[in-house]
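Taking the working numbering, I'd label the letters of the sequence shown as residues 217 to 559.
Working notes, structure below.
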Amino acid sequence: MKNVYAYLSLWALLFAFNLLQAQEKETLVIDQQKELVIQEERSALKNEVEKINKRLENNEITSEEANTLKQFAAQKHALNIENRIAILENEFALSQRNKTVISYDNEKNSISIIDEGKILSIKFRKKRPFDRRTTSDFVFAFGFNNALTKGESLEDSDFKIGGSRFAELGWAWKTRVFKNTNWLRVKYGFSFQFNGLKPTGNRVFVDEGDETSLQEFPFNLKKSKFRYDNLVFPVHFEIGSSKKKEYEDYFRYSTKNHFKFGIGGYAGFNLSTRQKLKFTQEGNKRKVKSKEDFNTNNLVYGLSTYLGWSNVGLYAKYDLNTIFNNNPLEQRTISLGVRFDMD
């Protein structure tokens with residue numbers, strides 16, 4: 217019998233401890249939610265006062281009108297705090313009487329409580345920054361590729377104009393230069409460039425040690441493609457108008473439906489070089505892929521520019537370095553295509 221009383225006493229103590237702990241958790245959650253309400257209303261009041269001060273600086277209102285508006289804003293947000301806290305306390309009291317679920321959810325936080333005050337989940341989301349001067353986006357470009365030979369025009373090119381192409385994939389960050397205007401931005405990041413050249417005629421590239429040249433191939437070529445891939449780090453100065461979008465507790469600049477012009481350059485290094493051949497030899501179809509150095513320059517650098525509307529535009533780039541290192545024939549890559557900036 218003593219053991220029964222002992223077990224009952226222990227169970228009662230554990231039940232009381234769990235109940236007390238649950239009540240403490242409930243109180244903590246409600247206190248946290250009250251503090252969030254106060255912070256949100258204070259932030260909203262601060263933004264409203266800043267807007268009033270801006271109107272005063274622009275001579276849109278008088279000093280007396282500004283003071284009146286500030287007093288009205290302070291009273292409004294004080295009442296908001298009082299009313300929102302009262303709602304929280306009433307919901308909490310209702311849940312205590314009926315042992316129901318309390319759930320709070322807004323843009324910043326989510327709090328849920330299940331029956332008997334046990335916490336199901338508490339999630340605090342990162343506060344949205346009032347001003348974000350730096351953003352990031354995905355960059356994709358593709359188009360026609362070719363090579364300019366020193367002393368010759370593009371019409372005399374050794375490569376097919378329509379058949380030689382390029383593609384570029386990258387990630388870029390864009391930073392607003394000035395604090396209160398967005399007409400000038402700096403765009404920087406990294407990109408993978410895939411440059412392809414298709415020689416005219418029945419020719420292929422041949423590495424002869426210190427020199428790489430185009431030579432006639434002994435068999436009938438169905439395809440001759442030379443590709444060199446680079447990793448570069450572009451930097452552009454971007455100029456263009458934008459729209460300022462103001463919200464309750466933050467603002468952003470948007471370049472959607474606006475023209476933009478970027479000019480700058482890039483520098484990086486060559487990742488790989490390869491040549492792909494398809495031909496017929498004695499009636500048999502053959503494919504040959506060779507991944508070699510081909511005497512290409514390891515360092516890559518050049519100029520680039522783009523002119524766009526919203527997220528799409530025309531894009532051009534030109535390598536200042538020659539394709540091949542110490543070659544008698546100086547050839548430099550030139551590309552023209554379409555660029556997509558998913559910002």
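The beta-carbon is built from N, C-alpha and C at its ideal position, and this holds for glycine as well.
As the structure is a computational prediction, the values presented were derived from the model and not from experiment.
Rounded to the nearest angstrom, what separates T489 and E454 at their Cα positions? 32 Å
The ligand HEM heavy atoms versus the CB of D557: any closer than 6 Å? The ligand content of the structure shown is nil, which means the ligand HEM is not present either.
Return yes when the Cβ of H452 is within less than 7 Å of the Cβ of G484, no when it is not. no
Starting from L545, follow the beta strand (DSSP E) in both directions and report where the run begins and ends. Looking at the DSSP string, L545 is not in any beta strand (DSSP E), and its letter there is neither H nor E.
Whole alpha helix (DSSP H) runs in the stretch 341-398 with 4 or more residues, listed along the chain? none
Suppose contacts are defined by Cβ-Cβ distances below 7 Å. Is K460 in contact with Y469 by that definition? yes
Output the residue ranges of the beta strand (DSSP E) runs that lie fully inside the stretch 496-537 and measure 3 residues or longer, sorted by chain position. 500-507, 515-525, 528-535
Report yes if the C-beta distance between N486 and N446 is below 7 Å; otherwise report no. yes
Same chain, Cβ closer than 8 Å to E305, five either side skipped, listed in chain order: I246
Can you look up F449 in the DSSP assignment and give me helix, strand or coil? coil
Rounded straight-line distance, which links the Cα of W399 to that of K494: 51 Å
In the DSSP assignment, find the unbroken beta strand (DSSP E) run with K403 in it and report its ends. 400-413
Determine the contact status of A383 and K403, defining contact as a CB-CB distance below 7 Å. no
Nearest-angstrom Cα distance between V448 and H474? 27 Å
Can you tell which of V393, F442, D559, V554 has its C-alpha closest to the C-alpha of K505? F442
Where S279 sits in the DSSP three-state scheme: helix
Sub-7 Å separation of I550 and N362 beta-carbons: yes
Using CA coordinates, which residue listed in L519, N541, G379, E266 is at the minimum distance from D535? L519
Starting from E432, follow the beta strand (DSSP E) in both directions and report where the run begins and ends. 428-432
Can you list, in chain order, the residues of its chain whose CB lies under 7 Å from that of T521, leaving out five sequence neighbours each side? G478, I479, A532
The beta strand (DSSP E) enclosing D423, as first and last residue numbers: 419-423
Looking at the structure shown, is I455 part of a helix, part of a strand, or coil, going by DSSP? strand
Run through DSSP, which three-state label would D557 get? strand
Return the chain-ordered list of same chain residues with a C-beta closer than 7 Å to the C-beta of I377, the five sequence neighbours on each side being excluded. F360, N362
From Q547 to E498, what does the alpha carbon distance come to, in whole angstroms? 35 Å
So L285 and I297 are supposed to be a Cβ contact under 8 Å. How far apart are they, rounded? Contact flag wrong, Cβ pair sits at about 19 Å.
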